[in-house]
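*Asks:* Numbering (our numbering), first residue to last: 378 to 714.
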Amino acid sequence: MLNIQQNISLKTFNTFGIDVKAAQLTICSNKEDLVDYLSDIKKLPKPLLILGGGSNILFTKNFEGTIIYPRIKGMEVIKEDEASIWLKVGAGEEWDDLVDYCVRNDWYGLENLSYIPGNVGASPVQNIGAYGVEAQDCIEIVNGVMLENAGSFTFTKDQCQFGYRQSIFKKELKAKTVITSVIFKLSKQPAFTLNYGHIKEAIEATGDITLKNIRNTIIDIRKSKLPEPEEMGNAGSFFKNPVIDQEVFKHLLEDHPNAPHYPVDADHVKVPAGWLIETAGWKGKTLGPAGVHHQQALVLVNHGEASGLDILKLANRIIVDIRAQFDITLEPEVNVI
Ligand SMILES: Cc1cc2nc3c(=O)[nH]c(=O)nc-3n(C[C@H](O)[C@H](O)[C@H](O)COP(=O)(O)OP(=O)(O)OC[C@H]3O[C@@H](n4cnc5c(N)ncnc54)[C@H](O)[C@@H]3O)c2cc1C
């Protein structure tokens, strides 16, 4: 079914709570109607934008084109053997409902990604990740439709070109596809990833290491560290953790011998963007109605009636300052529209 609305406010469609309007918003609840709709693409107001839960988007102005909101539902086991199950999930399912469903069925793999906002269809786009696990660890297939000709595609994991907060859907296929469903391969045998930070100790403190305890612990940690978008508009981490070369890292160590870092390869290390922003003195700072969260410097927040441009202005100030202080250039993780 299609539900087409014109001149509609997007305030409740993005977790920053930015009040802009879209010329057209089309909610599609099945793939067949989506294909029909896209077959007539010439008639649609342009540009086109695919929207999920709006938890990784910053709207900076009214959107003059068509927003397509895939609300395709369903979670179905399509194959299983002794060790694994293959679960096909509609793009419009909430990500955390999927994680909850897997945990309740004793399927291992996604539990560390508990409580990430957004929809399943967006999970391959930036290859969501948390606590040492990424969506790509469980994704087998991504299905969807090409915007230009309404043709269906099926990509294997390799074809998705996953990387750190990266995939083909953010590179050559950026804004060119609608993902309609994702097939995940989950393990029936216990297989945990607990080597990230102090997560193992935190889970052990709750009792045994079980799927349920991992999920609950991660939810508790996230709730204690990150603002709830309903209470304070935000899109999670605003910037990616920069990957820098050894030369720049050497300079950083001269002034900050204890700078946290993770090796990437022989020539590069990753530095937490949140640490850079906090060290530069931005934690808790505000610029008009936009601010840096007081507990988590990587999260930019809407303190009330911020516009997208207010948030962007703050982000740009931070980028300039971090470059001046550390010779490191931050890049937004959030999609700025
Ligand atoms: C409080 C908070 C915490 C967060 N924590 C994390 C975290 O730990 N790890 C992490 O990786 N992210 C995190 N995020 C970011 C966000 O949750 C993820 O990026 C999520 O996958 C976005 O999903 P969405 O449905 O809201 O996508 P949207 O924000 O609606 O869209 C994001 C991008 O994907 C595209 N897109 C969306 N759906 C589709 C589709 N069906 N087909 C094609 N393209 C599509 C959009 O065009 C856009 O480019 C957090 C966000 C918040 C607010």
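Note that the Cβ used here is the ideal one computed from N, Cα and C, for glycine as well.
1. Tell me which residue opens and which closes the alpha helix (DSSP H) that valine 625 is part of.
2. Does the contact criterion of 3 or more C-beta pairs under 8 Å hold for the stretch 497 to 511 versus the stretch 523 to 542?
3. Quick one: is the Cβ of serine 558 within less than 7 Å of any heavy atom of ligand 1?
4. State yes or no: is the C-beta of isoleucine 712 nearer than 7 Å to some heavy atom of ligand 1?
5. According to DSSP, what are the bridge partners of histidine 645?
6. Suppose you measure from the CA of methionine 452 to the CA of tyrosine 478; what does that come to, to the nearest Å?
7. From the DSSP output, read off the bridge partner residues of tryptophan 425.
8. Hey, would you say the C-beta of threonine 392 is under 7 Å away from at least one heavy atom of ligand 1?
9. Suppose you measure from the CA of lysine 589 to the CA of leucine 550; what does that come to, to the nearest Å?
10. Under 8 Å, do leucine 524 and leucine 425 count as touching if we go by C-beta distance?
11. With a cut-off of 8 Å, do at least 3 Cβ pairs link the stretch 414 to 421 to the stretch 389 to 400?
12. Quick test of the definition: if touching needs 3 or more C-beta pairs under 8 Å, does the stretch 427 to 442 touch the stretch 383 to 392?
13. Examine the Cβ distances between the stretch 666 to 677 and the stretch 575 to 589 and report whether three or more of them are shorter than 8 Å.
14. With a threshold of 8 Å, are at least 3 pairs of Cβ atoms found where one atom belongs to the stretch 602 to 611 and the other to the stretch 656 to 664?
15. Assign cysteine 515 to one of three DSSP states: helix, strand, or coil.
16. Taking all protein chains shown into account, do 16 or more other C-beta atoms lie within 10 angstroms of the C-beta of aspartate 622, making it buried, or fewer, making it exposed?
*Replies:* The answer reads as follows:
1. Run containing valine 625: 623 to 632, per the alpha helix (DSSP H) assignment.
2. The answer is yes - the stretch 523 to 542 touches the stretch 497 to 511, with three or more Cβ pairs under 8 Å.
3. No; taking the cut-off as 7 Å, the Cβ of serine 558 has no heavy atom of ligand 1 nearer than that.
4. Looking at the sequence provided, one finds asparagine at residue 712 rather than isoleucine. Answer for asparagine 712: yes, Cβ within range of ligand 1.
5. According to DSSP, which records beta bridges pairwise, histidine 645 is partnered with Asp622, Asp642.
6. If you take the alpha carbons of methionine 452 and tyrosine 478, they lie about 9 Å apart.
7. Residue identity differs from the one stated: residue 425 is leucine in this sequence, not tryptophan. Its beta-bridge partners are Thr443.
8. Yes.
9. Between the C-alpha atoms of lysine 589 and leucine 550 there is a straight-line separation of about 36 Å.
10. Yes; because the gap between Cβ atoms is below 8 Å, this pair is in contact.
11. In this structure the stretch 414 to 421 does not touch the stretch 389 to 400; the number of beta carbon pairs closer than 8 Å is below three.
12. The stretch 427 to 442 is in contact with the stretch 383 to 392.
13. The stretch 666 to 677, when compared against the stretch 575 to 589, does not touch it at the 8 Å Cβ threshold.
14. At 8 Å Cβ cutoff, the stretches do not touch.
15. Correct three-state label for cysteine 515: coil.
16. By the neighbour-count rule (16 or more Cβ atoms within 10 Å), aspartate 622 is not buried but exposed.
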